[in-house]
Amino acid sequence: MSVLSSCGANPRVRARTLLIALFLTAFGTASSFADPLDRFNPATTDPNLFRLAVRHPDRMKVPDGAATVHVVLSDKETGRVVQEKRIELQRTTTGEQAAEVRAEAPENVVTVYRIPAKQVAELRALQAKYLAMPQSRQQTIGGSLSIDVTGCKLDAADTGEMLISTYLKTSELETFVALAENFDLRNTQASSRNDLENSIPPCS
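Taking numbering that gives the first Met the number 0, the leading residue of the sequence shown gets 0, the next gets one more, and so forth.
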């Protein structure tokens, strides 16, 4: 499942499929706070406080390793990838945080994910490397932070809609902010009505 978002100077989210991508003209750019997500700055955010909440019906499951973050730094002029890192998010047991999201749809399942401790250290090193660059060099670096969540259906014969919602909470955001709400996961690969009914694989 994927949700794609794009922006000019600020990280904003626009749902398309269930890969969520935050594109920035400059990796650390954040110029206005009209949108809560404008406060999110990948260059300075605390990776240890990064949380992703996923809300979905109990008829589907998000398997282990199916929620990931992909960070890419690239040269804006040449497109050359300067550095990239892919991280499998880890489930947390923070019931209080899950309750923030579950309140909107108590009948659904809510799972909260975080960045594993080892990758927190690696991301901090990546941030430090970027921030140590001269400002003139920083302006030549573009970045993207994408979140991908994949699901499967518990009943292979289930052809109903699978509405999934994703929310982000970081050191800059006091509460969970919606990235995509009530997105039908079947739309990610469906090109026809038949595809729509069978686009989500059954859980093995």
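Yeah, the Cβ is synthetic: ideal placement off N, Cα and C, and Gly gets one too.
> Which residues share a DSSP beta bridge with Glu87?
Replying inline: Thr67
>> Assess contact between the segment 134-142 and the segment 46-56, defined as three or more Cβ pairs (one per stretch) separated by less than 8 Å. Is contact present?
In response: no
> So what does Met59 bridge to, in DSSP terms?
Replying inline: Lys152
> Alpha carbon to alpha carbon, what distance is there between Pro115 and Gly141?
Replying inline: 25 Å
> For Gly159, which option in Gly64, Thr110, Pro201 and Ala66 has the closest C-alpha, if you only look at C-alpha atoms?
Replying inline: Pro201
> Could you give the distance in angstroms between the alpha-carbon of Leu206 and the alpha-carbon of Glu76?
Replying inline: With the chain covering 0 to 203 only, the question about residue 206 has no answer from this structure.
> Between which two residues does the alpha helix (DSSP H) containing Asn125 stretch?
Replying inline: In the sequence as displayed, the identity of residue 125 is Leu instead of Asn. Unbroken alpha helix (DSSP H) run through Leu125: Ala116 to Leu130.
> What first and last residue would you give for the beta strand (DSSP E) that runs through Arg101?
Replying inline: No beta strand (DSSP E) holds Arg101; the alpha helix (DSSP H) holding it covers Gly94 to Arg101.
> Can you tell me whether DSSP reads Arg79 as helix, strand or coil?
Replying inline: coil
> What is the C-beta distance between Glu87 and Val71, in whole angstroms, given that I count them as a contact (C-beta under 8 Å)?
Replying inline: Wrong, their Cβ atoms sit about 16 Å apart, outside the cutoff.
> Would you call Arg185 buried or exposed, if buried means 16 or more other Cβ atoms sit within 10 Å of its Cβ?
Replying inline: buried
>> Our contact map puts Glu180 next to Ser203 with C-beta atoms below 8 Å; I'd like the distance itself, whole angstroms only.
In response: Going by Cβ atoms, the distance from Glu180 to Ser203 rounds to 28 Å, so no, they are not a contact pair.
> Alpha carbon to alpha carbon, what distance is there between Leu36 and Pro46?
Replying inline: 16 Å
> Relative to the C-alpha of Val148, which residue among Val119, Val111 and Tyr129 is closest?
Replying inline: Val111
> Pick from Leu125, Ser170 and Thr91: whose alpha carbon is nearest that of Val109?
Replying inline: Thr91
> Relative to the C-alpha of Asp154, which residue among Ala177, Ser145, Ile199 and Lys128 is closest?
Replying inline: Ile199
> Can you tell which of Leu48, Asp57, Lys60 and Glu106 has the C-alpha that lies nearest to the C-alpha of Gln96?
Replying inline: Leu48
> With 16 other CB atoms within 10 Å as the buried threshold, where does Lys152 fall?
Replying inline: buried
>> For Arg113, report the span of its alpha helix (DSSP H) as first-last.
In response: Counting along the chain, Arg113 falls outside any alpha helix (DSSP H), though it belongs to the beta strand (DSSP E) covering Val108 to Arg113.
> Exposed or buried, which one is Val61 when buried takes at least 16 other CB atoms within 10 Å?
Replying inline: buried
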